[in-house]
Amino acid sequence: MRLPARIANPVLAVLIQHSGFNSLDEFATAVNELGRRAHGLRLSYDHVAVKRWLAGGGCQQPQVVAEVLSHSWNVPIPAAVIWPQLRQGGPPAPPHTGPCVAARTLDDLAAHVGSDMLTRRSLLTDAIDVAVGTALTDPLLQWLNGPTVGLSVSAESASRRLSMATVANLEMATDHFREQDAAIGGGLSREAAVGQLKHAIDMVHDGSYTDAVGNRMLAAVAELAGMVGWMSHDVGMDGPAQRYFTLGLQAATASTHPRSLLLRVNLLADMARQMSDLDQPATGLRMVEAALDLLPQGTHPAAAAMLWNLKARMLAPLGPSSVPEIRHATALAVDLLARAPKDGDNVGRGYLNAAELAGNAALAWQDAAAHTPTLARHAQEQALIALTHRPGGYSRSLVFDQISLAAARFSLTQIDQAAADGQTALDLAVCVPTSARVLDRLRTLGGHCAAYADNPAVRDFRDRLTLVLRRADA
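Under the numbering used here, think of the first position of the sequence shown as 5, with each following residue one higher.
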């Protein structure tokens, strides 16, 4: 199908071009027919009308157009994905419901950042729902593997010329935010990262750049958006976090820079971690499997290690039948990491190592112990390995390891030692006061020790835990 040279609505263009219609007239006829059959409308659209839509014009029956395209793509496509102006002050269409078009992704990301900067955390969190299950994965993975539209090379007349040095500085800033997040949690630096993301998007909108610089910049924006998403998740802003993750994933998908593949893998992994924390392991499992499918066989062993390790964590809550797969996945992850070059891929938000694999394996085995209590011994073993090998600068991960150890020992009825481990976890948690994820896992630990409330050591721990949680909720 030949499209007009002038395209002002690239989302509609990519949807029509790959929808299976042979011509614009054939597409217009399908819209007319659906309008007559399903809605009793007498429409007379033709290729001229479709060209007008592609040139930026509106449509009097946008829902009918969206229905035709939804049928062609076999996935729901809201009309507001095609014509964002239809919102009329309402919320934007969720980004996972549309294709990866760089210009639209940057516009949506700019709008989301603007809302974030002008809205209180609690209000923004309440305004954006978290999508789960097939409502998320079916369209998201459809567009992840579908056609994309990248950045156009900008005109030299733009106010500022972007260079590789500018992009490198943005990447360094993202590394700094990553280090801050790992050390003290996402809460204290999140707003600064949001401001940096706004500046990066403004540079793309207002600057000029070569194809190479533009695609590296798009990848850098994707990485920073994912970092903001992770920090948002850490403070309990899960709806906004998912939107940052999804828009970052779209930007990475639209970029042709060599880093974009591993960025997509990392973003899908973080989305899976979020689903696990929200008690949606089946959704997380689909994310992990989609990320594994992105990796060419035999390549990127460190990334593959991260994903197999994460797959074990997603499998663990699904029942006793998953135990053989958990054993296989955790062992394969260790083997893959051992084969990875020391200066290889930057994956797992930059800190994939033996301690990280062990920490995640401990979480997996503790979840599996909920249906097979004897498996808690594996959780205890892996938590001890993680605590022994965890490098400095990862305070939040250290708290998680300590919580895993305490939970495993409660499951193994090592009551006094488990209570002491819980006290240590509370001591360590002081270093990450803004992390909602730490508080959530401490609450879960409270459930593990409830059956032993008459034990003096447990009673002291529970009293202190209650005080910590009450202060956090105040």
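From the three backbone atoms N, C-alpha and C, an ideal C-beta is built for every residue, glycine too.
By the Cβ test, the segment 279-297 is not in contact with the segment 330-350, since fewer than three Cβ pairs between them sit closer than 8 Å. Secondary-structure assignment with DSSP links residue 439 through no beta bridge to anything. Per DSSP, the beta-bridge partners of residue 211 are 164. Under the DSSP definition of a beta bridge, residue 104 partners with 152. With respect to residue 311, residue 322 sits apart: the two C-beta atoms are not nearer than 8 Å. For residue 76, the enclosing alpha helix (DSSP H) begins and ends at 66-77. Counted as a single uninterrupted DSSP element, the stretch harbouring residue 6 is not any alpha helix (DSSP H), since DSSP gives it neither H nor E.
Taking residue 471 as the centre and dropping the five residues before and after it, the same chain places no C-beta closer than 7 Å to its C-beta.
Under the three-state reduction of DSSP, residue 315 is assigned to helix. Using a 10 angstroms sphere on the CB of residue 315, the tally of other CB atoms reaches 16 or more, which defines it as buried.
Annotated three-state conformation of residue 261 is coil, per DSSP.
Using a 10 angstroms sphere on the CB of residue 122, the tally of other CB atoms stays under 16, which defines it as exposed. Distance from the CA of residue 60 to the CA of residue 164, rounded to the nearest whole angstrom, comes to 27 Å. At least 8 Å separates the beta-carbon of residue 422 from that of residue 393. Excluding sequence positions up to five before and after residue 70, its CB lies within less than 8 Å of the CB of 81, 82, 83, 85 and 86, all in the same chain and listed in chain order. The beta carbons of residue 157 and residue 218 sit about 6 Å from each other, so the pair counts as a contact at 8 Å. Residue 58 and residue 75 have their alpha carbons spaced roughly 20 Å apart.
In the three-state scheme derived from DSSP, where H, G and I count as helix and E and B as strand, residue 404 is classed as helix. The C-alpha of residue 204 is placed about 16 Å away from the C-alpha of residue 233. Per DSSP, reduced to three states, the secondary structure at residue 280 is helical.
The shortest C-alpha to C-alpha distance from residue 287 to any of 299, 298, 369 and 273 is the one to 273. Within 10 angstroms of the beta-carbon of residue 396 lie fewer than 16 other beta-carbons, which makes it exposed.
Relative to residue 128, the option among 242, 24, 109 and 137 whose CA is nearest is 242.
Cβ neighbours of residue 220 within its own chain (closer than 6 Å, five residues either side excluded): 171 and 261. According to the DSSP assignment, residue 370 belongs to the alpha helix (DSSP H) that extends over 358-372.
The Cβ atoms of residue 469 and residue 451 lie no closer than 8 Å to each other. Residue 318 is a Cβ neighbour of residue 276, given a cutoff of 8 Å.
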